[in-house]
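K.L.:
Residue numbers (this note's numbering): 6 to 61.
1) Secondary structure at residue 55, three-state DSSP: helix, strand or coil?
2) Would you tell me roughly how many angstroms separate the C-alpha atoms of residue 16 and residue 8, rounded to the nearest one?
3) By alpha-carbon positions, which one of 40, 20, 54 ends up nearest to residue 34?
4) Could you name the residues of the same chain whose beta carbon sits closer than 7 Å to that of residue 31, not counting the 5 residues immediately before and after it, in chain order?
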């Protein structure tokens, strides 16, 4: 039991690395997943992407 607890602590410590990753681009990535087909979801998806194209 104690070795399992130590293993968990070591895994948590190693997964929390403070290494900064190089920034490849500052453009946010937006995704829209189609989990199911529905006419209202399709309209919402179209409106969402249309609003992204509007320049202010």
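Virtual Cβ for every residue (Gly too), placed ideally from N, Cα, C.
Remember, predicted model here, so these are calculated numbers, not experimental data.
P.N.:
Judging by the given coordinates:
1) Residue state, collapsed to three classes: helix.
2) Just so you know, the alpha carbons of residue 16 and residue 8 end up roughly 12 Å apart.
3) Closest option to residue 34, judged by alpha-carbon separation, among 40, 20, 54: 54.
4) Within its own chain, no residue has a Cβ closer than 7 Å to the Cβ of residue 31 once the five positions on either side in sequence are excluded.
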